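Structure first, then comments.
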Amino acid sequence: MIWRALYIAALYLLLPFALAKLWWRGRREPGYRARVGERFGRYSVEPGRGVLWIHAVSVGEVRAAAPLVRALQQEFAGHELLITCSTATGRDALQQMYGDSVSSAWLPYDYPGAVRRFVERFRPHLGVLMETEIWPNLLACCKAFKVPVVLANGRMSERSARGYSRWDGLTRPAFATLAAACAQSEADAARLAALGANPVPVCGNLKFDMTPDAAHAAAGRAWRAALGRPVVMLASTREGEEKLLLDALSASTSSALAVFVPRHPQRFDAVAALLGPSAQRRSRGESPRPQDRFFLGDTMGEMTFYYSAADVAIIGGSFLPLGGQNLIEACATGTPVVFGPSMYNFAEASTLALAAGAAVQAQDAGDAVRLAVALLGDRSRSAAMGEAGLRLCAAHRGAVQRHVAVCRQVLERR
49 MIWRALYIAA LYLLLPFALA KLWWRGRREP GYRARVGERF GRYSVEPGRG
99 VLWIHAVSVG EVRAAAPLVR ALQQEFAGHE LLITCSTATG RDALQQMYGD
149 SVSSAWLPYD YPGAVRRFVE RFRPHLGVLM ETEIWPNLLA CCKAFKVPVV
199 LANGRMSERS ARGYSRWDGL TRPAFATLAA ACAQSEADAA RLAALGANPV
249 PVCGNLKFDM TPDAAHAAAG RAWRAALGRP VVMLASTREG EEKLLLDALS
299 ASTSSALAVF VPRHPQRFDA VAALLGPSAQ RRSRGESPRP QDRFFLGDTM
349 GEMTFYYSAA DVAIIGGSFL PLGGQNLIEA CATGTPVVFG PSMYNFAEAS
399 TLALAAGAAV QAQDAGDAVR LAVALLGDRS RSAAMGEAGL RLCAAHRGAV
449 QRHVAVCRQV LERR
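Residue numbers (our numbering): 49 to 462.
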């Protein structure tokens, strides 16, 4: 209890900074200034009957949750789905993907009163936390109100496990409250169990069950065909990486078009400035001109379009120590993948992709560009890598059904 008391005290000390952060981020993303009361457990949303609650912190988790959300809607048709987010982009993605078919709200900050008001208002029959969203007060409150919570698509890198273990007195009771922790792999399961979770079934990675949007895929292929030259996609790049990749691309003699698709939409303008004043942007309805070497993909919800338009995809988040971004989306469209040295957040998926021959790993940004250009000139190898990616995704589907089975068992026990 002493650990949680100290944690709560620290939260209250940080409250002014949390409010200041909301105001500051709201300058560029107005969504952060909307419904601020929900951050403290005060909701105007009227709960329906039999709420199933899913928390997907941001865009990546919202996308990863999509096949599970659809399966839960079919399996538990008499329940209402409530999806909570923590970021403005995540909430925008929710609206774009689901419209009015689900209810949406901010997850409250982890203050005891805020999480109690959240649980009291919605009284969920089941909670599902995507990946590694462990909040001690929220989980303690769910336990007190007998709300079972399942960790879905659980992943736990060695680095994250070390971090949680340093605060064992706080985090172990939180992990122990989980009704189940559905791990992506055996390694994830072992780390989650060591941190206190039980049971920890290995259910696989939900991202393998994502189906690319057929219309977006066709549009992407048509866009590339109309362009008439090779396309290299710089996918989900993070701050600091664009400059590294841009320098390497500028030194290359390849005629390929480089399409930059930054991970965070609030950085679109900054990346546009980096690409130069003449850079064309998809959000403006512009198309690359014959003389353009760089193009900015600054739209949301079109990753299938961009991957389908690319001959090769270089995965961002992997050229600085950030743990990488999702490479499965590229494999699912049959696009050859190149990624950098830092992929600890997608350790199993990247290892599987390398073993299957669907991806290659570069030492740095310069090496990644060299590998991508080499693939552009080797059509047979590129085609083989694309086919390997499709086979990899097909071989690892089934995570949704395993997750739904766990949720069904937990609900039956309830």
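Just so you know, even glycine gets a beta-carbon here, dropped at the ideal spot from N, CA and C.
This structure is a prediction, so every number in the text was calculated from the model and none was measured.
So if DSSP puts residue i in a beta bridge, which residue, or which two residues, is it bridged to?
i: A361; result: M281 and V385
i: V408; result: V386
i: L100; result: L129 and L174
i: F343; result: V307 and Q328
i: V250; result: A231
Taking the CB atoms as reference points, tell me whether residue i and residue j lie closer together than 8 Å.
i: G268; j: Y212; result: no
i: T225; j: V197; result: yes
i: A66; j: Y157; result: yes
i: F308; j: E287; result: no
i: V452; j: A228; result: no
i: A162; j: F88; result: yes
i: A437; j: V360; result: Sequence inspection shows Gly at residue 437; the Ala mentioned does not correspond to that position. Not closer than 8 Å, so no.
i: I362; j: M281; result: yes
i: C441; j: A403; result: no
i: M145; j: V105; result: no
i: A237; j: L187; result: no
i: A304; j: F342; result: no
i: L297; j: L322; result: no
i: Q409; j: F387; result: yes
i: G74; j: R139; result: no
i: A358; j: V417; result: no
i: T285; j: G364; result: yes
i: S356; j: H264; result: yes
i: R123; j: R461; result: Note on identity: in this sequence residue 123 is Glu, with Arg being the wrong assignment. No.
i: A407; j: A413; result: no
i: R164; j: C189; result: yes
i: L177; j: A209; result: no
i: Y91; j: P184; result: no
Mapping DSSP to helix, strand and coil, what is residue i?
i: P310; result: strand
i: T132; result: strand
i: R269; result: helix
i: A153; result: strand
i: E287; result: coil
i: F124; result: coil
i: Q457; result: helix
i: D426; result: coil
i: Y159; result: coil
i: D261; result: coil
i: G85; result: helix
i: H451; result: helix
i: V105; result: coil
i: N393; result: helix
i: P115; result: helix
i: A245; result: coil
i: M351; result: helix
i: Y91; result: coil
i: L62; result: helix
i: P369; result: coil
i: D317; result: helix
i: D148; result: coil
i: L375; result: coil
| field | Entirely enclosed beta strand (DSSP E) segments - the region 163-238, minimum 3 residues | value | Taken in chain order, the whole beta strand (DSSP E) runs of length 3 or more contained in the region 163-238 are 174-178, 197-202 and 228-231.
| message | Tell me whether the region 159-179 and the region 100-111 touch, counting them as touching only if at least three CB pairs, one residue from each stretch, are closer than 8 Å. | response | Under the three-pair Cβ rule at 8 Å, the region 159-179 counts as touching the region 100-111.
| query | Using 8 Å as the Cβ pair cut-off and three pairs as the minimum, do the region 300-319 and the region 432-442 touch? | reply | Segments in contact, no.
| request: Tell me, please, whether the region 321-333 touches the region 341-349 by the rule of three or more beta-carbon pairs shorter than 8 Å. | output: By the Cβ criterion, the region 321-333 is in contact with the region 341-349, since at least three pairs of Cβ atoms, one from each stretch, lie closer than 8 Å.
| request: Would you check if the region 109-125 and the region 438-452 touch, i.e. whether three or more CB-CB distances between them fall below 8 Å? | output: A contact is defined here as three or more CB-CB pairs under 8 Å, and the region 438-452 meets this definition with respect to the region 109-125.
| query | Counting pairs of beta carbons, one from the region 392-409 and one from the region 373-381, are three or more of them closer than 8 Å? | reply | Cβ pair count under 8 Å is three or more, so yes.
| Between the region 131-149 and the region 195-210, do three or more beta carbon pairs fall short of 8 Å? | No: the two stretches stay apart, fewer than three of their Cβ pairs being nearer than 8 Å.
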